[in-house]
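Engineer: Chains as they are written, first to last, in the numbering used here: chain F, -19 to 250; chain Z, -19 to 250.
Don't be surprised by glycine CBs; every beta carbon is placed ideally from N, CA and C.
Before I ask anything, let me first share the structure, which is written out below as structure tokens.
Number of protein chains: 2
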Amino acid sequence: MPQAEKRGLCTDVPARVAPRGAHAWPQRGGGARAFNPLTERLRRIGVDEAALAGLDAGIVEVRSIAVGGQIVREGKATARLHILLEGWACRYTRVARGRQTLAFLLPGDICDLDTLHAALLEYGVAAITPCKVAVLRSDDVRRAAAAHPSVAAALLGFAFEDQAALVRRAASLGRRSARGRLAHLICELHERTIAAGIDAEGSYLLPATQDDMADILGLTNVHVSRTLKALRDEGLIRLDTRCVTILDLAALAHIADFTPAAPSNMPEVR
Amino acid sequence: MPQAEKRGLCTDVPARVAPRGAHAWPQRGGGARAFNPLTERLRRIGVDEAALAGLDAGIVEVRSIAVGGQIVREGKATARLHILLEGWACRYTRVARGRQTLAFLLPGDICDLDTLHAALLEYGVAAITPCKVAVLRSDDVRRAAAAHPSVAAALLGFAFEDQAALVRRAASLGRRSARGRLAHLICELHERTIAAGIDAEGSYLLPATQDDMADILGLTNVHVSRTLKALRDEGLIRLDTRCVTILDLAALAHIADFTPAAPSNMPEVR
DNA sequence: CGGAACGTTGACTAGGATCAACTCAGGTGG
DNA sequence: CCACCTGAGTTGATCCTAGTCAACGTTCCG
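So this is what it looks like as structure tokens:
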């Protein structure tokens, strides 16, 4: 049925290609200056204002990165810490068979926490959409952590969140079917876009290409396409121009074997 | 060909079942007292003797755990840190489809580093062979870390090693074939048994059941059996009574796409 | 207008899963 | 000492999930 697509009114807006050019993606924070979602996040966790101001002042540079551009290079041990301000990115490793994405990064996420302590980075970070990244000197960040226990605690908390996410990723890759993995990813991102405040009434923009999804799911782009179509056809999700709408969260969560995150918005550090 | 196995002289000792009872597995450290391989490891990294003595003195209990027994329970946030003194264990998470093992633990490994900082454990730890585990109060360990920077650095280093291992695990699960994963596991363990000083001239004891291997590889026990047989038949490994001998490391590393660990025996902390 | 990037669809293949039977050692209990 | 059971591994047959190859539709963009 090449391009017929006459299945009637529901759920099947063709979901054709959308631009990943420089205009379409969400630009939070009203006016002019670069809004820092990480600051918000830290404030909510209870990091004191002095520390926040210090961190903000420590921003050496705000880089703009085009789609597909490298934010952090694999292996390299720079003395810089990168914070994602706008756009989506992915953390990945290379294997002979291709690329395995470890995590999608959303605004407010720290790209390369490990640089604070490890000499080698096991992964790289690349831009999925055009991104804005705040660059800090890792020395400064370490100093801030030393000076403000609340900062140290927050960073440690982030590190453990990352690790927990990686555990869940491994579980998905090892023990879930393509269907399950995809459903799980959709649930995950649903939750995270809400947490990051970039959702919109039960829908969210998922700028990742089907290739990108294949990379994180351990699948092929072709199979992602098919599986996605199946979920659409069953009326579980809607998908137009990269905007995901979850139509039946319960069913989706069920086939995903998804457990919502514990309410540990405030990471239990120490 | 049920139980014929007449393929001649090479590589095909039937590899039948071996006991996992309480007698067969390596008991390091000659005589009577419980030898602590972690202490050795820390000493090599350059942790000072005072700190080592303190940690050793902090051992509240040495527990013996039978095959299949729980060393650390999932989810539970105990105020105890567990160090594997003898035997093999595995760190795992549960998923609807079964268990996904995240790592095999060898003597000298810390079972549940996260308990030092996180309230929730994403994983459990179970004994693959009979194990001896040193139990410490996490408060004491935190105090030791605070008092001795070298201890803090070492712990942080271990945390990053764990994380790096997890990254490689995810890559394997997502992007390697069964053959590749198995070959990779064999190379990995080759390296780690050497590092832990429990190898024997190019061979090592791999006490894990084929079920255990299936759990870490994201496969079925049946498929592990077949894949293992293929590797044996091709003369890449020998396998008798759970003793692995690598016959052609280069070939194995090639099909595994294996990169030997960086010589960061001394983790580059700070 | 032509090309590139993204997505869809079909036909075919292959890599693992599943189900099931059977072998072999070690224990256990009579 | 033997009968029996259990846990581990092997092997075969069959099915199905996902990969591969390829063509084609769109949309965007230069």
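Can you check whether the C-beta of E41/Z is within less than 8 Å of a C-beta belonging to chain F?
Structural biologist: Locating residue 41/Z in the second sequence gives position 61, counting from the first residue. No, no contact with chain F.
Engineer: In chain Z, which residues lie with their C-beta within 7 Å of the C-beta of R149/F?
Structural biologist: In the first sequence, the residue the question calls residue 149/F occupies position 169. A150, listed in chain order.
Engineer: Just to confirm my understanding: we take N145/F, look at its own chain, exclude 5 residues before and 5 after, and list those with CB closer than 7 Å. What are they?
Structural biologist: Walking along the first sequence from the start, residue 145/F turns up at place 165. Checking the displayed sequence, the identity of residue 145/F turns out to be Ala instead of Asn. Contacts found: A83.
Engineer: For I174/F, count neighbouring Cβ atoms within 10 angstroms of its own Cβ and tell me buried if that reaches 16, exposed if not.
Structural biologist: By 1-based counting over the first sequence, the position of residue 174/F is 194. It is exposed - the Cβ of I174/F has fewer than 16 other Cβ atoms within 10 Å.
Engineer: Over the uninterrupted alpha helix (DSSP H) stretch that includes C167/Z, give me the two end residues.
Structural biologist: Translated into positions along the second sequence, residue 167/Z becomes position 187. First-last of the alpha helix (DSSP H) with C167/Z: 158 to 176.
Engineer: Would you mind stating whether A59/F and L101/F have Cβ atoms separated by less than 8 Å?
Structural biologist: For the purposes of this step, residue 59/F is taken as the residue at position 79 of the first sequence. For the purposes of this step, residue 101/F is taken as the residue at position 121 of the first sequence. Not closer than 8 Å, so no.
Engineer: Counting only C-beta atoms, is D237/F closer than 8 Å to chain Z at any point?
Structural biologist: Locating residue 237/F in the first sequence gives position 257, where the first residue counts as 1. Chain Z, which has a Cβ nearer than 8 Å to the Cβ of D237/F, makes this yes.
Engineer: Going along the chain, which residues of its own chain have a beta-carbon closer than 7 Å to the beta-carbon of F138/F, five neighbours each way excluded?
Structural biologist: If you number the first sequence from 1, residue 138/F lands on position 158. The answer, listed in chain order, is I90, L93.
Engineer: Can you pull the chain Z residues whose beta carbon is under 8 Å from the beta carbon of Y103/F, in chain order?
Structural biologist: Taking the first residue of the first sequence as 1, we reach residue 103/F at position 123. The contacting residues are V147.
Engineer: Which residue comes first and which comes last in the alpha helix (DSSP H) that contains D213/F?
Structural biologist: Here residue 213/F corresponds to residue number 233 of the first sequence, with the count starting at 1. Element bounds for D213/F: 201 to 213.
Engineer: Whole angstroms is fine: what's the gap from I226/Z's alpha carbon to A233/Z's?
Structural biologist: Position 246 of the second sequence, counted from the first residue, corresponds to residue 226/Z. Position 253 of the second sequence, counted from the first residue, corresponds to residue 233/Z. Approximately 10 Å, taken between the alpha carbons.
Engineer: Measuring straight from C-alpha to C-alpha, what distance separates A107/F and L185/F?
Structural biologist: Numbered from its first residue, the first sequence carries residue 107/F at position 127. Numbered from its first residue, the first sequence carries residue 185/F at position 205. About 15 Å.
Engineer: Helix, strand or coil for R71/Z? Go by DSSP, reduced to three states.
Structural biologist: One-based indexing of the second sequence puts residue 71/Z at position 91. Strand at R71/Z.
Engineer: Taking buried to mean at least 16 other C-beta atoms within 10 Å of its own C-beta, is P187/Z buried or exposed?
Structural biologist: By one-based count along the second sequence, residue 187/Z stands at place 207. Looking at its Cβ environment, which holds 16 or more other Cβ atoms inside 10 Å, P187/Z is buried.
Engineer: Use the C-beta contact count for R212/F: other C-beta atoms within 10 angstroms, 16 or more gives buried, fewer gives exposed.
Structural biologist: Against the first sequence, residue 212/F aligns to sequence position 232. R212/F should be labelled buried.
Engineer: Would you check if there are 3 or more beta carbon pairs closer than 8 Å linking the stretch 151 to 159 of chain Z to the stretch 66 to 77 of chain F?
Structural biologist: Output reads yes: the stretch 66 to 77 of chain F touches the stretch 151 to 159 of chain Z.
Engineer: If you draw a straight line from the alpha carbon of A176/F to that of L208/F, how long is it in whole angstroms?
Structural biologist: By one-based count along the first sequence, residue 176/F stands at place 196. By one-based count along the first sequence, residue 208/F stands at place 228. Rounded to the nearest angstrom, the two C-alpha atoms are 24 Å apart.
Engineer: Whole angstroms is fine: what's the gap from L86/F's alpha carbon to R123/F's?
Structural biologist: Sequence index remark: in the first sequence, residue 86/F carries index 106 (1-based). Sequence index remark: in the first sequence, residue 123/F carries index 143 (1-based). Whole-angstrom Cα-Cα distance: 26 Å.
Engineer: Within the continuous alpha helix (DSSP H) that includes I235/Z, where are the two ends?
Structural biologist: The count along the second sequence starts at 1 and reaches residue 235/Z at position 255. I235/Z -> alpha helix (DSSP H) spans 229 to 236.
Engineer: Please report how far the alpha carbon of F238/F lies from the alpha carbon of V224/F, in whole angstroms.
Structural biologist: Within the first sequence, the letter at position 258 stands for residue 238/F. Within the first sequence, the letter at position 244 stands for residue 224/F. About 18 Å.
Engineer: Using a beta-carbon distance cut-off of less than 7 Å, what residues from the stretch 67 to 83 of chain F approach chain Z?
Structural biologist: Listed by position, the residues of the stretch 67 to 83 of chain F near chain Z (Cβ gap below 7 Å) are T73, V75, A76, R77, G78, Q80, L82.
Engineer: Measure the CB-CB distance between A114/Z and N201/Z and report whether it falls below 8 Å.
Structural biologist: Counting from one through the second sequence, the residue named residue 114/Z turns up at place 134. Counting from one through the second sequence, the residue named residue 201/Z turns up at place 221. No, these two residues do not count as a Cβ contact at 8 Å.
Engineer: Measure the Cβ-Cβ separation of I196/Z and C111/Z and say whether it is below 8 Å.
Structural biologist: The residue given as residue 196/Z occupies position 216 in the second sequence. The residue given as residue 111/Z occupies position 131 in the second sequence. Not closer than 8 Å, so no.
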